[in-house]
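The structure appears right after this line, and notes come after that.
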Amino acid sequence: MILAGPTGADSLVIRAARVLDPGEGLDATLDVRIDEGVITRIGNDLDAGDLRMVDAGGMLLAPAFIDPHVHLRTPGREVDETIESGTAAAAAGGYCAILAVPNTEPVVDDPNLLRGLRARAVEEARVPVGFLAALTKDQDGEELTEMGALADAGAAGFTDDGRPVASAGVMRRALQYNAITGLTIAVHCEEQSLTRGGHAHAGAVATELGIGGWPSLGESLMVARDIDLAGDTGQAVHLMHLSARESVEHLRRAHVAGVRASAEATPHHLCLTDEAIRTLDTDFKMNPPLRTESDRTALIDAVRDGTIAAIATDHAPHSPEAKNAPFESAPFGVIGLETAFSSLYTELVESGLLSLETLLVRMSAGPAAIFGLERPRIAVGERANVTLIDTAGSWRVKPETLRSRSLNSWLLGRRLRGRICLTVAAGAVAHDGIAQSSLVSA
Amino acid sequence: MTDLRVVGGDLLPPESDRRHLLSIADLTGDDVERLLSTAHSFALSQERDTKKLPTLRGRLILNVFYESSTRTSSSFELAAKRLSADTMTLKSTGSSVDKGESLKDTALTLSAYDPDVIVLRHPQAGAAQFVSQVTEARVVNAGDGKHQHPTQALLDLFTIKEAFGRLDGLHVAIVGDVVHSRVARSLVQALRLVGAEAILVGPPALLPTGLAPATHDISAIADADVVYVLRMQKERMLPGANFVPSLREYTERWGITPARVREGQRVMHPGPMNRGVEIDARVADSDASLVVEQVRAGLVVRMAVLYDLLTSGPVAVETTMEVA
């Protein structure tokens, strides 16, 4: 089992929802009955009996989401996020599972540390968590971790996220050796000799603002290298948080050539361009940086046609103390778990750039397939992993209502369409915003 | 997507009557004209025996410098004194800045003195804007990273206007390390505001794209009315960056020598100069040079900026004393 966390046995009936599971070919107004955490009936006019009845009134019931890229900051920076707060944020965002990256303090490069985190997740997590382990010891890019032992201890995959594996030779050895685990290697593509001193996309906006540039080439060169290494070794590679058009073009060629390469894109790269940094607001500072409209369009096209099969938040909490600083001294990263669906629904689905079905697949079945997780399905006999969304409703992103311990959201103050009302993760009600939603609609 | 954004809880709401000078991009052509005209009046006042004016008596102007500076900090200090304001200059050496105090905490500490203006120089882009958000003072950006140095651009316009009698239609060649230069960024914007043209000349890797027409060919300076020479900012270059192979090669190809200055051209430099690197000493000391005029302009333009921020518009309302 890759995921560690609660297993619930909640029972309820969700009545008159638009049940939409593209993987099951399901799109109809139906009732769904969950008994002791398992979907037992899907149909019309189901008897609720003594069970809690949620009248969905046409709201959307979809397979809950999986986020393959979350910084839980635990261990080491619990002031910014904990397993409890991060998974509460995930549940509030409609997620039934998340994968945590290992660039913590200390780095998760040791089987015992990994076992400890998994045990804590069973105690504290609101939704199941998979823990990615480091690819190299201390993420120094030089010496491979004990990938076999880490796999045995329950690693969800391997990554040195936060930094690249600078050496092509080390990356090649990691890919070769990973044949023994069958887990996924995820890579942060950054050629640091091109990005050193960079704080924003090397383009017109950074030039005008005098901010050090982080060029597209800094990503796409590394994407090309890792695709070629995956092809050479016959192993799979997952490219994290793609931001540049050139990277997407490399990935398309890789798929034509039959290389086993997958990729993810983040809500912020899909919704924003580097124009946003003109305010010098540090909640628009992320790594890789926001790029141009041409890059954003390429990412949206790739998400639409499946070249990029997963949406990942790269949820990166930083305390206000760290972010409340001049642009160049602030750390990279923004939070995204609680706003991912709503921001993409508002910016891409409502504007006609992406279908709702595709968005749901990229947020759930897509990441599940890449990391070898079971796809959340709305089907009888399945453990319930569903989220109920009021797509007609809107909500304002406010600091006081975010579950994350950090407030570094680029959406603070924004009103978004698409409200997550209920999340059932592994059979447990992990987020229950039904009460608030009736207040909103009243 | 940012228009509806609210500021964080610990930031102050925007105040329409509290003005700052953070970037040339915030100014209109009328603003520039007014500031240059005010500076001109102050220049006349500085020809009198008694140079001190009572205009800003009782006001407090804090100069906070996180980077070394000679002419900017001294001219702000003198500008404040000539306007009878109280002034104090804090440099990073010997203050809490060296003890790792955050910019926010330093700004809040200084705010306790109720300064009317904070003049800030800081090595990072956006620092002045940041301080304007966490304090109630008006903020003058005296240089933030590679971003902006608006009073330098204004004093350069003033100098050019005094020398040529006009700004409209003039050509200015900005030569050297443009990529790392806040002076160049501000000046290009300022020249555009007054109808003058800029061309950028220097080593390819030191020329940004998209700011203004650019070329590596030094002969392009021949068409310019003003050759504006930038300092080769070695301290801004990261180790191993290799923007140019050597200073010697830079000087050979882009150094401003007497042979490269044509009759009638004027030469400017924001200082401090590396004589023998980007500018030949014979050029720096020639009649073509406006370097000393720039320093003089620095004083009166900064007087004009302080005066403008503290006496124009609804700001005066704030000075009403409350009677207990």
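Protein sequences, first through last, are from chains P and G. The first sequence lines up with residues 3 to 444 when you count with the working numbering. The second sequence lines up with residues 685 to 1008 when you count with the working numbering. Cβ atoms here follow ideal geometry from the backbone N, Cα and C, with glycine treated the same way. On a predicted model such as this, the values are computed, not experimentally measured, just so you know.
Residue environment, residue i, which counts as buried when at least 16 other CB atoms sit within 10 Å
i       : result
S169/P  : exposed
R17/P   : buried
Q194/P  : exposed
E107/P  : exposed
N105/P  : buried
L728/G  : exposed
L424/P  : buried
R805/G  : buried
L441/P  : Only weak support exists for where L441/P lies, its pLDDT of 41 falling under 50; the value from the coordinates is given anyway. L441/P comes out exposed.
Y797/G  : exposed
V319/P  : A quick correction: the sequence has Pro, not Val, at residue 319/P. Label assigned to P319/P: buried.
P892/G  : buried
D140/P  : exposed
P65/P   : buried
P897/G  : exposed
A445/P  : Outside the shown range of chain P, which is 3 to 444, sits residue 445/P, and nothing can be said about it.
M365/P  : buried
A256/P  : buried
D687/G  : The predicted position of D687/G is uncertain, since its pLDDT is 36 and thus under 50; a value taken from the coordinates is nonetheless stated next. Exposed is the call here.
P738/G  : exposed
T756/G  : buried
V1001/G : Caution applies to V1001/G, whose pLDDT of 28 falls short of 50 and renders its modelled position unreliable; the model cannot decide the point.
N1011/G : Outside the shown range of chain G, which is 685 to 1008, sits residue 1011/G, and nothing can be said about it.
E349/P  : buried
N410/P  : buried
E266/P  : buried
Neighbouring residues, chain G, relative to residue i (Cβ below 8 Å)
i      : result
E352/P : Residues of chain G passing the Cβ test: none, with the nearest at roughly 13 Å.
Coarse secondary structure for residue i, derived from DSSP in three states
i       : result
L890/G  : helix
N747/G  : strand
P77/P   : coil
W412/P  : coil
A91/P   : helix
L705/G  : strand
E266/P  : strand
T756/G  : helix
H433/P  : strand
S776/G  : coil
T1011/G : Given that chain G is displayed from residue 685 to residue 1008, the structure contains no residue 1011/G and the question cannot be resolved.
F160/P  : strand
C273/P  : helix
T1004/G : Low local confidence applies: a pLDDT of 30 at T1004/G is under 50, so the model's placement there is unreliable, with the coordinate-based value given in what follows. DSSP places T1004/G in coil when its eight states are reduced to three.
H864/G  : coil
S396/P  : strand
F286/P  : helix
Y347/P  : helix
Y97/P   : strand
P322/P  : helix
H806/G  : strand
Within chain G, the residues that residue i reaches when beta carbons sit closer than 7 Å
i      : result
I331/P : With the sequence shown as reference, residue 331/P is identified as Ser, and Ile is not the correct amino acid for it. In chain order: Q808.
L211/P : A809, H831
A206/P : G894
Bridge partners - residue i, DSSP secondary structure assignment
i      : result
A882/G : V856/G
G215/P : A202/P
D37/P  : V40/P
L832/G : Looking at the sequence shown, residue 832/G is not Leu but Gln. Its beta-bridge partners are D828/G.
P378/P : Paired residue(s): none; P378/P is not in a bridge.
L28/P  : D23/P
M952/G : Y912/G
Partners in chain P for residue i, counting only beta-carbon separations shorter than 7 Å
i      : result
K788/G : N326
Q813/G : L282
R915/G : Those do not exist, as R915/G stays about 15 Å from chain P at its closest Cβ, beyond 7 Å.
Under 9 Å by beta carbon: chain P residues contacting residue i
i      : result
R869/G : T209, E210, L211, G212
Contacts that residue i makes with chain P (C-beta to C-beta distance below 8 Å)
i      : result
R866/G : G212
Segment contact, 8 Å Cβ cut-off, at least three pairs: the segment 3 to 15 of chain P with the segment 28 to 37 of chain P: yes
Cβ contact (3+ pairs, closer than 8 Å) linking the segment 794 to 811 of chain G and the segment 736 to 744 of chain G: yes
Three or more C-beta pairs below 8 Å linking the segment 179 to 186 of chain P and the segment 203 to 220 of chain P: no
The segment 873 to 884 of chain G in contact with the segment 894 to 913 of chain G per 3-pair CB rule at 8 Å: yes
Stretch pair the segment 80 to 94 of chain P + the segment 112 to 129 of chain P: three plus CB contacts closer than 8 Å: yes
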